[in-house]
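Numbering (our numbering), first residue to last: 217 to 482. One structure is given below, encoded as structure tokens.
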Ligand SMILES: Cc1ncc(COP(=O)(O)O)c(C=O)c1O
């Protein structure tokens with residue numbers, strides 16, 4: 217229904233859409249209608265700052281439990297729930313009050329932080345936003361439609377990207393089938409169906425706990441359970457029916473996207 221949307225559809229009538237396209241459309245609507253405003257829900261500094269209530273509360277809850285985390289692990293899409301959990305922990309680390317690893321987990325199908333380039337790029341497909349210095353797979357990235365999880369944004373929060381470059385946190389990527397398996401295990405043991413997104417962090421938390429069981433090492437693992445799986449039961453249905461496939465984002469597409477990055481000097 218937008219000019220941007222019609223142009224993208226004309227170029228690729230079969231496009232499955234993307235978060236970058238949705239942002240371009242939303243910006244166009246907000247810019248052309250005087251009574252309409254657009255508020256971003258992830259990526260930007262103020263969103264991450266707002267989310268730090270998660271980490272502040274986690275620190276207090278850990279104190280109530282008489283524990284400190286050895287590993288803090290969260291899922292990353294745009295970076296907001298992870299930044300919310302991690303930044304207060306990073307503050308405590310920098311102040312010398314906490315000694316722990318802080319690890320982000322993203323999908324192998326959209327490996328922004330682990331395989332993207334750290335450079336200036338647009339936050340949306342059509343190039344309507346200001347340039348952001350961040351890890352990116354290219355602003356025209358369109359996720360493969362087989363990816364059932366929700367962490368499919370081409371960029372990464374500039375704050376997370378910066379902290380990652382400083383070496384204050386680590387990152388890894390996981391395939392969706394093992395994430396769903398961890399989600400089902402979590403639902404069966406905890407009675408909560410997690411959203412597909414945090415199952416990326418759960419898969420790592422479960423693996424790390426199992427490693428400890430093997431080695432006898434004791435570790436306190438803290439993870440953020442963002443979202444609720446009842447909003448995406450269709451994805452679990454697909455997984456349990458064997459319709460969820462794994463997908464490794466190809467290097468050629470990463471290299472190709474780099475040729476279309478904007479020149480920050482222009
Ligand atoms: C429930 C849930 N958690 C987390 C995310 C990831 O976004 P962010 O990295 O901004 O927290 C998403 C994104 O789709 C989500 O739906």
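Think of the CB as a built atom: it goes at the ideal place given N, C-alpha and C, for glycine as much as any other residue.
If I'm right that residue i touches residue j with Cβ under 8 Å, what's the distance once you round it to whole angstroms?
{"i": "residue 465", "j": "residue 255", "result": "29 Å between Cβ atoms; not a contact."}
{"i": "residue 320", "j": "residue 290", "result": "6 Å"}
{"i": "residue 411", "j": "residue 375", "result": "Not quite, the Cβ-Cβ distance comes to about 23 Å (not below 8 Å), so this is no contact."}
{"i": "residue 285", "j": "residue 437", "result": "7 Å"}
{"i": "residue 443", "j": "residue 414", "result": "6 Å"}
{"i": "residue 271", "j": "residue 301", "result": "5 Å"}
{"i": "residue 259", "j": "residue 373", "result": "5 Å"}
Count the other CB atoms within 10 Å of the CB of residue i; is the residue buried (16 or more) or exposed (fewer)?
{"i": "residue 408", "result": "exposed"}
{"i": "residue 356", "result": "buried"}
{"i": "residue 340", "result": "buried"}
{"i": "residue 421", "result": "buried"}
{"i": "residue 222", "result": "exposed"}
{"i": "residue 262", "result": "exposed"}
{"i": "residue 439", "result": "buried"}
{"i": "residue 390", "result": "buried"}
{"i": "residue 257", "result": "exposed"}
{"i": "residue 433", "result": "exposed"}
{"i": "residue 441", "result": "buried"}
{"i": "residue 457", "result": "exposed"}
Pick from the options: whose alpha carbon is nearest that of residue i?
{"i": "residue 384", "options": "342, 223, 306, 225", "result": "306"}
{"i": "residue 477", "options": "237, 278, 338", "result": "338"}
{"i": "residue 360", "options": "222, 219, 218, 232", "result": "232"}
{"i": "residue 350", "options": "328, 223, 457, 251", "result": "328"}
{"i": "residue 330", "options": "380, 397, 316, 287", "result": "380"}
{"i": "residue 475", "options": "427, 336, 419, 378", "result": "336"}
{"i": "residue 241", "options": "294, 345, 452", "result": "345"}
{"i": "residue 299", "options": "228, 434, 387", "result": "387"}
{"i": "residue 293", "options": "309, 326, 428", "result": "326"}
{"i": "residue 207", "options": "312, 343, 251, 332", "result": "The chain is shown only over 217 to 482; residue 207 falls outside these bounds and no answer can be derived."}
{"i": "residue 396", "options": "462, 334, 226, 309", "result": "462"}
{"i": "residue 353", "options": "217, 479, 401, 470", "result": "470"}
{"i": "residue 316", "options": "417, 259, 226, 435", "result": "435"}
{"i": "residue 423", "options": "403, 287, 283", "result": "287"}
{"i": "residue 473", "options": "280, 218, 334", "result": "334"}
{"i": "residue 296", "options": "458, 235, 265, 308", "result": "265"}
{"i": "residue 419", "options": "403, 268, 482", "result": "403"}
{"i": "residue 220", "options": "230, 244, 229, 234", "result": "244"}
{"i": "residue 393", "options": "445, 428, 460, 453", "result": "460"}
{"i": "residue 342", "options": "225, 253, 283", "result": "225"}
In the DSSP assignment, what residue or residues form a beta bridge with residue i?
{"i": "residue 337", "result": "348"}
{"i": "residue 317", "result": "287"}
{"i": "residue 297", "result": "DSSP, once it has assigned bridges, lists no residue as partnering residue 297."}
{"i": "residue 390", "result": "323"}
{"i": "residue 438", "result": "288"}
{"i": "residue 371", "result": "352"}
ask   = Which residues have a Cβ closer than 7 Å to any heavy atom of ligand 1, listed in chain order?
value = 258, 259, 291, 292, 293, 294, 295, 296, 297, 298, 366, 367, 411, 413, 414, 442, 443
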